[in-house]
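Data first, discussion second: the structure below is written as structure tokens.
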Amino acid sequence: MLFDKIVRPALYRVSGSDPETVHERTIGTLARLSRVSPALAALGRVYRTDDPVTFLGLRFPNRVGLAAGMDKNGRALHAWPALGFGFVEVGTVTRHPQPGNDKPRLFTLAETDAVINRMGFNNEGAEALAARLAATGKPPVPLGVSIGKSKVTPLDEAVEDYRFSLRALYPYADYFAINVSSPNTPGLRALQDKSALAELLAELRKTSAELAGDAKPTPVLVKVAPDLTDEALAELLEVCLEHGVAGLIATNTTLSREGIAPPEAAVGEQAGGLSGRPLTARSVEVVRFVHDETGGKLPIIGVGGIFDAGAAARMLDAGAGLIQLYTGFALHGPGLVKRVARGLAARPY
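Residues in the sequence shown are numbered consecutively from 1, following the UniProt record's numbering.
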């Protein structure tokens, strides 16, 4: 493929083989492109797929979305639909701006088709994202906003952190993703525990209802880790159903290192969350468990290790309504979006 053989090697060569520099340059280019309407229209003619579906009461032009983490600060919002995405999730953003963890913090495992990151929610903050959305407008596809806890905020004050971001971004989000499952913010995954999650969701539900007024509240989804046991996941689902969560996003990155190619074992020892092909089977397992455990009552966005239309189809067969790409897109470019979206469009449902 052109991207794999020419574009990606060139990007790494001019970026000193640093994945984060590649990422930043790519986002910068797409941000500039977002302001050039003729270029967006031309890209759309190449990559866009029309396969409309209704999910969470929203109309999506196709089932393939961009996962959180790629465009944390919403800098390239109008470029993503032109590259074929049917929806975009920005963030994870936090109440307080924060630089994230020390560099290097992003590692590519090309032979494994995987990435390890310990970014640590590096972002400009919820208010900055709200200001950018007010200035540039939303993209022409549904917009999800992933919110998380600031590193400086003690765990026992986390609820107010999430509430602040929810309030700041409520006018712009078509749905919110509550990130309690990143492995890169100390203590964050403790918020997946039954009592902590119940408190958080109760407050967010109350806040969302207040902000919505007479309108229907914006859907709130919970993003879960692939490392939970079935028992822990069942408890989490019980809390989600009890507190009216609109759906789940399954899954976040994993702490497991299974599936890493032997030549990349040394890189695999880096701390952080692993995403990509080693997560394919586990993410489908979690999606299927969520669907079966809830009797299909919780809509699911499936994410993790999707590198072709077949893997995306298995997500849908397991119970997901939409899917998201991250590592596959980062490593193989926008052609993957097109192949997956058109592969799904060709399936009977």
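Even glycine gets a Cβ: it sits at the ideal position worked out from N, Cα and C.
ALA114 counts as buried, since at least 16 other C-beta atoms from the protein chains shown sit within 10 angstroms of its C-beta.
Short of 6 Å from the beta carbon of ALA261, and not among the five residues preceding or following it, lie these beta carbons of its own chain, in chain order: GLU111, THR112. Sixteen is the threshold: when 16 or more other Cβ atoms of the shown chains lie within 10 Å of the Cβ of GLY120, as they do, the residue is buried.
The alpha-carbon of ALA225 is positioned some 30 Å away from that of ALA31. Nearest to GLY273 by alpha-carbon distance, out of LEU279, ALA265, THR254, is THR254. The C-alpha of ASN252 lies about 35 Å from the C-alpha of PRO38. For VAL88, the closest of SER146, LEU228, HIS291 by C-alpha to C-alpha distance is SER146. With contacts defined as CB atoms closer than 8 Å, VAL64 and VAL303 fail to qualify as a contacting pair. The beta strand (DSSP E) runs lying completely inside the stretch 280–326 and spanning 3 residues or more are 300–303, 322–325, given in chain order.
The three-state secondary structure of VAL224, taken from DSSP, is strand. According to the DSSP assignment, PHE87 belongs to the beta strand (DSSP E) that extends over 87–93.
In the structure shown, the three-state DSSP call for THR21 is helix. By a beta-carbon distance limit of 8 Å, VAL284 contacts ARG314. Their separation comes to about 5 Å. For THR251, no alpha helix (DSSP H) segment is defined, and its DSSP state is neither H nor E. In the DSSP assignment, SER275 is bridged to VAL115. Assigned with DSSP and collapsed to three states, PHE107 falls in strand. When DSSP reads this structure, ARG59 sits in a beta bridge with THR54.
Shortest Cα-Cα distance from LEU109 to any of SER182, LEU331, VAL141, GLY335 involves LEU331.
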